[in-house]
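Note that my numbering numbers the sequence shown so that position 77 is 113, with each residue one more than the last.
Think of the CB as a built atom: it goes at the ideal place given N, C-alpha and C, for glycine as much as any other residue.
First up is the structure itself, then whatever we jot down about it.
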Amino acid sequence: MEVIKISILGLAGILLALQFKSSKPEIGIYIGLAVGIIIFGFALEGLFQMIQRIQVLQKYMETGAAYFKILFKAVGITYICEFTAAICKDAGYGAVAGQVEIFGKLSVLFMGMPLLISIIENISAIAG
């Protein structure tokens with residue numbers, strides 16, 4: 037049911053922003069930003085519920101905490117960068133949006149390097 041509410045909120049925000057597109061386009065951008073922040077708040081609520089469930093799973097895993105921490109940071113980085121890039125695109129700054137997306141991808145890549153190194157070390161220990 038939450039998905040329907042969020043979808044209606046998004047569509048209502050777009051329709052409201054379209055009313056200002058020809059006369060005052062900056063108001064449309066502000067409306068889009070406000071609706072995006074409200075939807076982000078709903079997403080955070082769902083994320084907190086997921087974190088609680090994953091904490092239960094971590095009790096059964098020895099090294100799971102580190103992996104889940106990296107996973108949630110990666111999801112957070114990608115969501116924030118995607119949100120920022122979409123706002124930049126809506127404002128007409130596609131080049132800036134592209135740079136934000138590249139920075140997000142590189143950040144996730146660099147964050148995952150210790151995990152990749154750990155996996156390679158484990159494979160080497162087993163094989164060698």
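For residue j and residue i, the rounded distance between their alpha carbons
{"i": "Leu-152", "j": "Ala-70", "result": "38 angstroms"}
{"i": "Phe-56", "j": "Gly-68", "result": "11 angstroms"}
{"i": "Ile-90", "j": "Phe-104", "result": "8 angstroms"}
{"i": "Val-144", "j": "Ile-156", "result": "18 angstroms"}
{"i": "Phe-84", "j": "Tyr-115", "result": "15 angstroms"}
{"i": "Ala-127", "j": "Ile-159", "result": "47 angstroms"}
{"i": "Tyr-129", "j": "Leu-80", "result": "27 angstroms"}
{"i": "Lys-60", "j": "Lys-141", "result": "34 angstroms"}
Sub-9 angstroms separation of residue i and residue j beta-carbons
{"i": "Met-147", "j": "Ala-110", "result": "yes"}
{"i": "Phe-78", "j": "Ile-42", "result": "yes"}
{"i": "Ala-53", "j": "Ile-40", "result": "no"}
{"i": "Ile-75", "j": "Phe-108", "result": "no"}
{"i": "Gly-82", "j": "Glu-38", "result": "yes"}
Bounding residues of the alpha helix (DSSP H) (the contiguous stretch that carries residue i)
{"i": "Gln-41", "result": "It should be noted that the sequence gives Lys, not Gln, for residue 41. Taken as a continuous stretch (DSSP letters only), the alpha helix (DSSP H) holding Lys-41 covers 38-56."}
{"i": "Tyr-66", "result": "61-94"}
{"i": "Gly-128", "result": "First-last for Gly-128: undefined, no H or E at that position."}
Neighbourhood of residue i by C-beta distance below 7 angstroms, restricted to the same chain and skipping five residues each side
{"i": "Ile-106", "result": "Met-147, Gly-148, Leu-151"}
{"i": "Gly-1", "result": "Outside the shown range of the chain, which is 37 to 164, sits residue 1, and nothing can be said about it."}
Cut-off 6 angstroms between Cβ atoms - residues of its own chain near residue i, not counting five sequence neighbours on either side
{"i": "Tyr-133", "result": "With the sequence shown as reference, residue 133 is identified as Ala, and Tyr is not the correct amino acid for it. Cβ within range, chain order: Ala-121, Cys-124, Lys-125."}
{"i": "Val-136", "result": "Cys-117, Thr-120, Ala-121"}
Taking 8 angstroms as the cut-off, does the stretch 121-141 touch the stretch 89-109 (at least 3 CB pairs, one atom from each stretch)?
no
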